[in-house]
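Participant:
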Amino acid sequence: MRMKDRACVGMALGIVSVSLGGELSYPVVDTGQDRCYDTWREIRYPSVGASCFGQDAQYSGSQPSYRNNRNGTVTDLNTGLMWQADPGAKKTYAQAVAGAARCRTGGYNDWRLPTIKELYSLIDFSGTDPDPRASSAVSKKPFINTRYFNFQYGKTSDGERIIDSQWATSTLYVGKVMNGQQAMFGVNFADGRIKGYPTGRDPRGRTKTYYVIYVRGNANYGKNDFVDNGDGTVTDRATGLTWMKVDSGKGMDWPSALKHAEEMDYAGHSDWRLPNAKELQSIVDYTRSPDTTRSAAIDPVFTCTRMRNEAGQSDYGHYWSSTTHVSQRGGSRGVYIAFGRGLGYMHSRWMDVHGAGCQRSDAKSGNESDMPQGHGSQGDAQRINNFVRLVRGGTAEPRATGPAVAMRAADRQSGRQQSEQRGRPQDSRGGNRHGRSQLGGRPTDSSSAGGSGGFVTRLDRDGDGRVSRQEFDGPSQHFPVLDKNSDGYLSETEAPPPPPNGHFRPQR
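Reminder that position 1 of the sequence shown reads as -15 in this note's numbering, one-by-one numbering, no gaps.
(1) Helix, strand or coil for Ala493, going by three-state DSSP, please let me know.
(2) Throw me the rounded Cβ distance for the Tyr329 and Gly350 pair, which I believe falls under 8 angstroms.
(3) Helix, strand or coil for Arg282? Go by DSSP, reduced to three states.
(4) Please confirm if the region 73 to 85 is in contact with the region 103 to 123, defined as three or more CB-CB distances below 8 angstroms between the two stretches.
(5) Shortest alpha-carbon distance to Asp237 belongs to which of Asp467, Cys36, Arg28 and Gly180?
(6) Go to Ile368, then tell me how far its alpha helix (DSSP H) extends in each direction, as first and last residue.
(7) Identify the residues that DSSP records as bridge partners of Leu156: which are they?
(8) Would you mind sorting Val211 into buried or exposed? The rule is 16 or more other CB atoms within 10 Å of its CB.
(9) What is the DSSP secondary structure of Pro464, reduced to helix, strand or coil?
(10) Under three-state DSSP, which class holds Ala380?
(11) For Pro274, which of Gly176, Gly339 and Thr99 has the nearest alpha-carbon?
(12) With a CB to CB cut of under 6 angstroms and the five nearest residues on each side skipped, what residues in its chain are close to Ala479?
(13) With DSSP run on the structure shown, which of helix, strand or coil describes Ala347?
(14) Comparing alpha-carbon positions, which option in Thr23, Pro11 and Asp18 lies nearest Ser316?
(15) How would you label Lys207, buried or exposed, when you count the other beta carbons within 10 angstroms and need 16 or more for buried?
(16) Within this structure, are the beta carbons of Gly216 and Lys229 separated by less than 8 angstroms?
(17) What's the C-alpha gap between Gly90 and Tyr198?
(18) Is it true that the CB of Ser266 sits closer than 8 angstroms to the CB of Lys101?
(19) Can you list, in chain order, the residues of its chain whose CB lies under 7 angstroms from that of Asn53, leaving out five sequence neighbours each side?
(20) Could you tell me the boundaries of the beta strand (DSSP E) in which Pro182 lies?
(21) When DSSP builds the beta bridges, which residues end up paired with Tyr329?
(22) CB Pro387 to CB Arg131, shorter than 8 angstroms?
(23) Identify the residues that DSSP records as bridge partners of Phe109: which are they?
(24) Would you tell me roughly how many angstroms separate the C-alpha atoms of Lys348 and Pro239, rounded to the nearest one?
(25) Do the region 255 to 266 and the region 32 to 49 make contact, defined as three or more Cβ pairs closer than 8 angstroms?
(26) Pick out the complete alpha helix (DSSP H) segments inside the region 47 to 130, 4 residues or longer, and give them in chain order.
(27) In terms of DSSP beta bridges, what is Trp304 paired with?
(28) Counting Cβ pairs, one atom from each stretch, are 3 or more of them under 8 angstroms apart for the region 8 to 18 and the region 216 to 225?
(29) Suppose you measure from the CA of Lys160 to the CA of Gly214; what does that come to, to the nearest Å?
(30) Measure the C-alpha to C-alpha separation of Val361 and Val268 and round it to an integer number of angstroms.
(31) Give the range of the alpha helix (DSSP H) segment to which Trp238 is assigned.
(32) What are the residues that DSSP puts in a beta bridge with Trp151?
(33) Pull up the distance between the alpha-carbon of Tyr194 and that of Arg25, whole angstroms please.
(34) Could you pull the start and end residues of the beta strand (DSSP E) that Leu225 belongs to?
(35) Would you be able to state if there are at least three C-beta pairs under 8 angstroms between the region 241 to 257 and the region 131 to 142?
(36) Are there 16 or more other CB atoms within 10 angstroms of the CB of Ala167, so buried, or fewer, so exposed?
Okay, structure coming up:
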């Protein structure tokens, strides 16, 4: 039964989405994302069969629900966990660990430092990843509910970046990051990610500090209870979710991953979907890593496709979620979980920067060759064609409509261009003779036509049909090399060609 069919049945029977928190030891809370995106911007909810149909916002699960207890604590009504509301001043990791036993907030004495799965239950993907170079937090929205939890962006007056709001957990990475550093997995509620952070001094000799809130109650939260159903599926009785034992076996871009899910008929079921970020993170096994157990960071009841990573190592891949990682630049990036090493290009080489089990983001479409040294300040490996593991069940119910799309100025300009182009002679691809598409006035390229291009489509945020220095997300020194005509912009013809095979080479 496809999503459309399930929606009809639900309406006919009067079915509503309800929390199963009272029945499950590990209820997965909805991500809070209720807006839809294509490969670069917000869109109206896609219809059945349309590109990008079946994404996170189109399913509604157990919605975030909290109670302010008026004593410095907040209760999560889905998970049964009680939290401190205010992290206070930042702490070193040693102080974070030691402080739990001394905590008496609300009159309780059984507080603990949360695990990564407990803390990640609070993440809210209605947030927006800010520009790390910004000097203020004006018009920014963090990835945590600020009605119940006190939140601060990094203090630029103290030399911090705006995104320096990392929160600590008790979950240590079993491998090493940054060429031998011990790390714990923390959540950054400023930019919406998980990574391994140093528990002591960083590579520059500084002692890293973190925001800390302690938790109590539901000691079983985050503990999986997998059952092999003997039909190629695995049910987690703790979350109520059923998973495919096998992954896709090959990488694919984000729109293709959504389509793969919607077309899947497997083990007698056709209601498979691409998991959202929280659902996918729920099956990470943080006691495993390629370096320590020679396995993916997942229970061995599942099978994972081996690959050869950018450093030439035997490894495991990134896996797409249905969640968009929204930034001030738009919705061109999708959330993934790395079940293998979280590679970054630093100090002129590839290394495990973030840890197996990290949550990062990748371009939804395009060519990995556009970013040969990764993305961002830590050179995150960009693969674009990521693996897929499908899920069904839980509390997810189809959501037919969402909030109105807020059009940006660039989108309005694109709309005007589209109106102006109506009635002009069209070429065989549906564009006009100047190469402009009828889809929002954006250039028609091999990506939108189903090919492997899309360099401009992916990076062109202002809709002018070209990529400026500010929009370019590769190493800055590459821009003038690619800019063949020295006009200060990159066109599709100036984009680097794709590699003949790419990084994703399944290992036999």
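Glycine included, every Cβ here is placed at the ideal spot set by N, Cα and C. Remember, predicted model here, so these are calculated numbers, not experimental data.
Facilitator: Quick answer:
(1) Residue 493 cannot be examined here, being either before or after the span of the chain that is shown, -15 to 492.
(2) Not a contact, Cβ separation roughly 17 angstroms.
(3) The residue asked about is misnamed: residue 282 is Ile in this sequence, not Arg. Three-state DSSP puts Ile282 in a strand.
(4) Cβ pair count under 8 angstroms is below three, so no.
(5) When only C-alpha atoms are compared, the closest one is Cys36.
(6) No residue range can be given for Ile368, since it is assigned to no alpha helix (DSSP H) and is classified by DSSP as neither H nor E.
(7) Leu156 is bridged to Met168.
(8) It is exposed - the Cβ of Val211 has fewer than 16 other Cβ atoms within 10 Å.
(9) In the three-state scheme derived from DSSP, where H, G and I count as helix and E and B as strand, Pro464 is classed as helix.
(10) If DSSP states are grouped into helix, strand and coil, Ala380 belongs with coil.
(11) Taking the Cα of Pro274 as reference, the smallest distance to any Cα among Gly176, Gly339 and Thr99 is reached at Gly339.
(12) Cβ neighbours of Ala479 within its own chain (closer than 6 angstroms, five residues either side excluded): Phe439.
(13) Collapsing the DSSP output to three states places Ala347 in a strand.
(14) Residue Thr23 is the option with its Cα nearest to Ser316.
(15) Counting Cβ neighbours within 10 Å, Lys207 comes out exposed, since fewer than 16 surround it.
(16) Going by C-beta atoms, Gly216 is nearer than 8 angstroms to Lys229.
(17) Taking the straight line joining both Cα atoms gives about 12 angstroms.
(18) In this structure, Ser266 lies closer than 8 angstroms to Lys101 by Cβ.
(19) Same-chain partners within the cutoff: Thr59 and Gly90.
(20) It spans Arg177 to Pro182 - the beta strand (DSSP E) in which Pro182 sits, taken as one unbroken run.
(21) For Tyr329, which the question treats as bridged, DSSP gives the partners Trp334.
(22) Their beta carbons are not under 8 angstroms apart, which means Pro387 does not touch Arg131 by this criterion.
(23) Residue pairing by DSSP places Phe109 in no beta bridge whatsoever.
(24) Whole-angstrom Cα-Cα distance: 7 angstroms.
(25) Yes: the two stretches touch, three or more of their Cβ pairs being nearer than 8 angstroms.
(26) If one requires a minimum length of 4 residues, the alpha helix (DSSP H) runs lying completely within the region 47 to 130 are 77 to 86 and 100 to 104, in chain order.
(27) Tyr320.
(28) These segments touch.
(29) The alpha-carbon atoms of Lys160 and Gly214 are separated by roughly 36 angstroms.
(30) Here residue 361 is Ser; the residue named in the question, Val, does not match the sequence. The straight-line gap from Cα to Cα measures roughly 26 angstroms.
(31) DSSP places Trp238 in the uninterrupted alpha helix (DSSP H) bounded by Trp238 to Glu246.
(32) Val171 and Tyr195.
(33) If you take the alpha carbons of Tyr194 and Arg25, they lie about 33 angstroms apart.
(34) Here the beta strand (DSSP E) through Leu225 covers Leu225 to Met228.
(35) The answer is no - the region 241 to 257 does not touch the region 131 to 142, with fewer than three Cβ pairs under 8 angstroms.
(36) That one is buried.
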